[in-house]
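Heads up, the thing below is written out as structure tokens.
4 protein chains.
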Amino acid sequence: MTKDTIGIGLVGTGFMGKCHALAWNAVAATFGETRRPVLRHLADVDVGRARRCAAEWGFEAATDDWRAVIHDPAVEIVSIAAPNPFHAEMACAALAAGRHVWCEKPMATTMADAQAMLDAAGRSGRIAALGYNYIQNPAIRAIEALVREGAIGDLNHVRVEMDEDFMGDPDAPFAFKNEARSGHGALDDFAVHPLSLLGRLAGPLAAVMAEQAKPYAAREGRPVETHEIAMALLRFASGASGLLVANRAAWGRKGRIALQLFGSKGTIAFDQERMNEFQLFTREDDPRREGFRTVLAGPAHEPYGHFLPAPGHGLGFNDLKVIEAHEILAAIDGRPARIVDFADGLAIEAAVAAMARSHAERRWIEL
Amino acid sequence: MTKDTIGIGLVGTGFMGKCHALAWNAVAATFGETRRPVLRHLADVDVGRARRCAAEWGFEAATDDWRAVIHDPAVEIVSIAAPNPFHAEMACAALAAGRHVWCEKPMATTMADAQAMLDAAGRSGRIAALGYNYIQNPAIRAIEALVREGAIGDLNHVRVEMDEDFMGDPDAPFAFKNEARSGHGALDDFAVHPLSLLGRLAGPLAAVMAEQAKPYAAREGRPVETHEIAMALLRFASGASGLLVANRAAWGRKGRIALQLFGSKGTIAFDQERMNEFQLFTREDDPRREGFRTVLAGPAHEPYGHFLPAPGHGLGFNDLKVIEAHEILAAIDGRPARIVDFADGLAIEAAVAAMARSHAERRWIEL
Amino acid sequence: MTKDTIGIGLVGTGFMGKCHALAWNAVAATFGETRRPVLRHLADVDVGRARRCAAEWGFEAATDDWRAVIHDPAVEIVSIAAPNPFHAEMACAALAAGRHVWCEKPMATTMADAQAMLDAAGRSGRIAALGYNYIQNPAIRAIEALVREGAIGDLNHVRVEMDEDFMGDPDAPFAFKNEARSGHGALDDFAVHPLSLLGRLAGPLAAVMAEQAKPYAAREGRPVETHEIAMALLRFASGASGLLVANRAAWGRKGRIALQLFGSKGTIAFDQERMNEFQLFTREDDPRREGFRTVLAGPAHEPYGHFLPAPGHGLGFNDLKVIEAHEILAAIDGRPARIVDFADGLAIEAAVAAMARSHAERRWIEL
Amino acid sequence: MTKDTIGIGLVGTGFMGKCHALAWNAVAATFGETRRPVLRHLADVDVGRARRCAAEWGFEAATDDWRAVIHDPAVEIVSIAAPNPFHAEMACAALAAGRHVWCEKPMATTMADAQAMLDAAGRSGRIAALGYNYIQNPAIRAIEALVREGAIGDLNHVRVEMDEDFMGDPDAPFAFKNEARSGHGALDDFAVHPLSLLGRLAGPLAAVMAEQAKPYAAREGRPVETHEIAMALLRFASGASGLLVANRAAWGRKGRIALQLFGSKGTIAFDQERMNEFQLFTREDDPRREGFRTVLAGPAHEPYGHFLPAPGHGLGFNDLKVIEAHEILAAIDGRPARIVDFADGLAIEAAVAAMARSHAERRWIEL
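Protein chains in written order, with UniProt numbering: chain A, 1 to 367; chain B, 1 to 367; chain C, 1 to 367; chain D, 1 to 367.
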């Protein structure tokens, strides 16, 4: 059956590279897009790997030169899933070449690079989005709608925790993530995800007071330069107070992003490890019946119904990326879209930078 | 990138039709199949719908004649997601035409039809599998492995509950599912799923004692002919005892399949509504530390790692169908595969028939 | 401060003996009773133990002769916490002596004895209550009220599971509980508790179809005569269907009594292992907000407020016995009381007997 | 049965007054104390209430003069459950009169008063303990033991949240707790409880960075002077990092004290709303079996077995106070005891004062 198409290029074949490929493969059948994405060109520094992945994932061509992807005339959208230090150069080049860009988080490794990316996006007139897929969860979208509708009254206090344990082993060898050139640690590696959620759910930050910590001072006798733990007190522009904490060394936590939103009439809680449900408390006339209800995601929570007509059956992590691809296609078509664009991304980077500075100067930093 | 392909035909465009289409679209990129499925031909009784879905889902052709799909020389595998009464005729015809068949559960509406399907499969030499996707869950596969390894000792007692609430409203109009010609009710509509799990986890049944119940005797003044609730006492060939209950009118349950497996050294529990985790209890030397542990699915649980390298990030319901498609491709290639074939399916149908008879005759029925 | 008193006698110093003593000690201060219980006389077959416990628990006298307790003129209520085979003789004697009786469950070891106890109670004009403390839980009382008020509509299906693991070890020595003279096993040892709950929550039983099972056929080479597992299909007089299962060999379960009550408008769930909360689902106009709510017990749930003014702070198992003591005092005073009297107790024993017969005869038994 | 006794005086008849009375009533029977507490004298400013409560709770005498209690020669221990501003005067007077003191938390409303109390205790040679009952929970005691034994390796990060909702209603009238003279708000009203736990579980604090917040700036048009929310970044003397947050306006939370303890080999979590269980994660050789285990409190967790021989049956909030009374009697007898003495209490008050100062000066404060 003929249908309009849109050409996809992808740079990178790791966790996120495959995730983008799966999303581009699935989005048309899931959402019935007006234009069917066609996987045109895949780049990886290892050309053999590029070829193998291209064959598996359905790309028409493979290369070890990311510029070949960007300049391939069949490519209209470039997915960037290369290591963080390359994001800025690749994104700016792709935008300059007239491509739409879907770049994985975090935006860049310096504020200057992030600003350059935003400038490039502005000049290009193209869609430039960042890969913050957690905001695409139907449960999160429902939470956001409930907050906006006043279901829990005025939001006055927020907590968010992001925990995994891949840096938990004190006996693991010294690695790239222990080096200062990899970034701050949990702060930029992790906390950007909760910040993307807070941006949607609680609005802009006004001030932060942060602290970082090292559970293990050294590995293999070599001082660890990054911090597995980042914590911050928050003040939002709305006046709400908050807490953020991220820990890459939290044994037993595998994908925890635990949100608590407190309002004048109720409370909402969520944990990404149980991503298909959220907890809602609202005051009841009959106190015998009051309690946090566990709401299971279903077709009532957009866009769950595009995947499944049956509630409580559950989406997966990769499905969030399919939704993100759909939103990017909507943005390209000029329809309303739920994306983290480069301006939103810069705000997240600015918050990270403010937290790093707060830690260094041991004081509150206004944003 | 060129790669061997295998042609897919699909009959049906409902919940399961889309689910098959998504699975065929995703399986090669997810698992790196040796042959890439190509979506060749889609049938629906409504040709307009067939065409729209074909365009969205990526099928090359559409028809309102299911025989056209089966006899399309480009089609090598036929996915059957048409209403249950058509399964037998379609599956037999497809097998006779030399196609592999992936037919949605339940197998058929009569034991005779189910037997005819098994016979047709035997004659064809083709792969004939049923759509029991819950057994494909990495968590379920891990539970099965743990049981076989003796992690909980000898299994001696099993309970399974399957509950949803789509028939819960007493004021809903009289519908097809209330008519006897739709089947028994929860028994064949629902209980086949738990039976597919018990077959893997607890082995064959030896005897059943069943009872069915109607929460609402009538709708719109018309007697309800089916039973929303089915319950059974079970005895397994191993000597283990068990309970099975299914309820289509269980308010608040959306996709619950709650398993409890009791052994001589431990216990395992699982609930499909939280499909990415299971509970494991084993005895500990130190009773202060004993407890059910919540294990989050991850790459240690095959084949989770084909979707995601990060544990605790979660698969969705549709991913189970992708795994099922992968297993069918493995079976076609002659590799070991985890499928419910027509012989397994017939055993499930036999258990259902025995339960229906037990209910009618109010006595234990041996299998 | 002077206050009217009421004299307490107790027979037995085990788990339940101490539990009664603690309850009699606490009830006046907790509830502000019109008459303060005074611990007059304690009996145990081991007189040394009787004396030690009397000193610790605050009894004025100790004896190894239970008849001395019953005939002590200072004793007005006799708590019977002796082994089950003695219940009937002691209760009948105490009632004949004009004492009120609070006898631990189960009532007796034969139906004839239970009937004799009921007759003795009728002749005496005294209060005769059984120790079924789980019905006293404020959460259970709230559930009962909600069901009666129609919060979940018409109750049409019930499930109850009672599981502990004290008989779980296959290598434990052959013990009294493995002998037929100890009773049926889980059926009378355990299932009486769920039956006491079902009697309050779902009304009388009409028919049962039961099965018992032995996880371990022998211990120390000697055949096990009792059944650690009892299961039953239920039909209530109301027409509701149900399931009951009890397992004394359920590894990891320590005090689980899991209830599920399904109605035409909602569902309630409860687990004694988290005795201070219950789950309530009711249909909502907005499906985005629908879910099981976890209600924490608090002063809104009678009689929680007599223990604590703060919700969510929690009662314990022993507090349920204090409530039971309070209800017995209320009954003695002629006030409305929530007790399981000997007539209620006989109905429980009749259900157990019917299940045992159903198991033996492999057929449904009407009650 | 004769037994040595010890005389109890109590000042106050509110929530905590009754809780002390229940504990003194229950402790001997629960623990088999060498000396049986006898309730001698009860004071309340309302003499009628004092008399009614004395009659109910079993006190021999009642008064509206707290000094009469303290100087009653039959009184050996004074329980102080009067409003916070009276703690210092009463405790100092009781100690000066040679009585042992059990004073409810918080210690006092000023650091000077708290110091005076500690000095008075030192001069008296009597036992002076504070009512921090949460540390008495068998689950908390087990967590502490596990941490000390190294079950989770070296503790490197801690989080604690304490939330209730009694100040959640924005439309509630302006009340005493909204006035500055009542204290800081959540900081001293609430956070002292988590601080008592952290003192046992994580050791002394080295520095704090705190912030307080007001969800509702005014009530009835009058500015609210206290803060319902207190948050703090923590650094412990051990080098561990941490977070503390307390919220009296957290809708739906009724008695939440959520602890998370992260170590180099595992993690422990606990929530007071489910006080009879805790979560323990330790690394396993087989990653397929790794997960947080839910440990139910039982006789393996001291001193649970003094209440109940059966695990998983559950203690209640009031039972924690019974344990506290037992520990105070142990201390009086010169046995090892688990109490928060006035020196420990002063450390808690110092932490609160440091947090208040940190909030005021917007900087880290060393302790």
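Backbone N, C-alpha and C define an ideal beta-carbon position, used for all residues, glycine too.
The structure displayed is predicted, hence computed values, not measured ones.
Considered as a whole, the stretch 79-107 of chain B harbours 87-96 as its complete alpha helix (DSSP H) runs of no fewer than 4 residues, in chain order. Residues of chain B with a Cβ closer than 7 Å to the Cβ of residue 290/D are, in chain order, 295. At least one CB atom of chain D sits nearer than 8 Å to the CB of residue 56/C. Contact annotation: the stretch 95-113 of chain B touches the stretch 72-85 of chain B, with at least three C-beta pairs closer than 8 Å.
Any Cβ of chain A closer than 8 Å to the Cβ of residue 139/C would place that residue at the interface, and such an atom is absent. Taking the beta carbon of residue 269/C as reference, no residue of chain A falls within 9 Å; the closest one sits roughly 11 Å away.
Taking the Cα of residue 97/B as reference, the smallest distance to any Cα among 132/B, 67/B, 226/B and 327/B is reached at 67/B.
Taking 8 Å as the threshold, the shortest C-beta distance from residue 301/C to chain A falls below it. Under the three-state reduction of DSSP output, residue 27/D falls in the helix class. DSSP places residue 203/A outside both helix and strand once states are collapsed to three, so it counts as coil. Within the same chain, 43, 44, 45, 46, 47 and 50 come within 8 Å of residue 64/C by CB-CB distance, once the 5 residues on both sides are set aside.
For residue 9/C, the pairing in a beta bridge is given by DSSP as 41/C and 78/C. Closer than 8 Å to the CB of residue 157/B there is at least one CB belonging to chain C. When DSSP states are grouped into helix, strand and coil, residue 178/D belongs to the helix group.
At least 8 Å separates the CB of residue 105/D from every CB of chain A. The beta carbon of residue 70/D is closer than 7 Å to those of 9, 78, 93, 94, 97 and 99 in its chain, skipping five residues each way along the sequence. Three or more Cβ pairs drawn from the stretch 267-284 of chain C and the stretch 309-325 of chain C lie within less than 8 Å of each other, which places the two stretches in contact.
Residue 177/D is outside the set of residues whose beta carbon lies under 8 Å from a beta carbon in chain A. Beta-carbon to beta-carbon, residue 307/C and residue 318/D are separated by about 6 Å, close enough to satisfy the 8 Å threshold. Taking 8 Å as the cut-off, the Cβ atoms of residue 260/A and residue 148/A do not count as close. Comparing C-alpha distances from residue 337/A to each of 349/A, 324/A, 346/A and 297/A shows the shortest one belongs to 324/A. For residue 274/C, the neighbours in chain D by C-beta distance under 9 Å run, in chain order, 274, 276, 277 and 314.
Contacts between residue 170/A and chain D, judged by CB atoms closer than 7 Å, involve 264 in chain order. Neighbours of residue 66/C in chain B, taken as residues at a C-beta separation under 9 Å, are lacking, since the least C-beta distance is about 35 Å.
With a threshold of 8 Å between beta carbons, residue 211/D makes contact with chain A. Beta-bridge analysis with DSSP links residue 227/B to 185/B. Under the criterion of beta carbons closer than 8 Å, residue 210/B and residue 229/B do not qualify as touching, at roughly 11 Å. Taking 8 Å as the cut-off, the beta carbon of residue 103/B is found no closer than this to the beta carbon of residue 116/B. Neighbourhood of residue 143/B in chain C, by CB distance below 9 Å: empty, with the nearest CB roughly 15 Å away.
DSSP lists 262/B and 281/B as the bridge partner or partners of residue 267/B. In this structure, 163/C is the residue among 207/C, 163/C and 28/C with its C-alpha nearest to the C-alpha of residue 191/C. Cβ-Cβ separation between residue 244/D and residue 258/D: approximately 11 Å, too far for a contact (criterion under 8 Å). Per the Cβ contact rule, the stretch 290-306 of chain B is in contact with the stretch 293-304 of chain D (3 or more Cβ pairs under 8 Å). When the Cα atoms are used, residue 348/C and residue 150/B turn out to be separated by approximately 38 Å. The beta carbon of residue 188/B sits closer than 6 Å to those of 106 and 352, all from its chain and outside the five residues before and after it, given in chain order.
Within chain D, the residues placing a beta-carbon under 9 Å from that of residue 310/C are 15, 164, 166, 254, 255 and 317, ordered along the chain.
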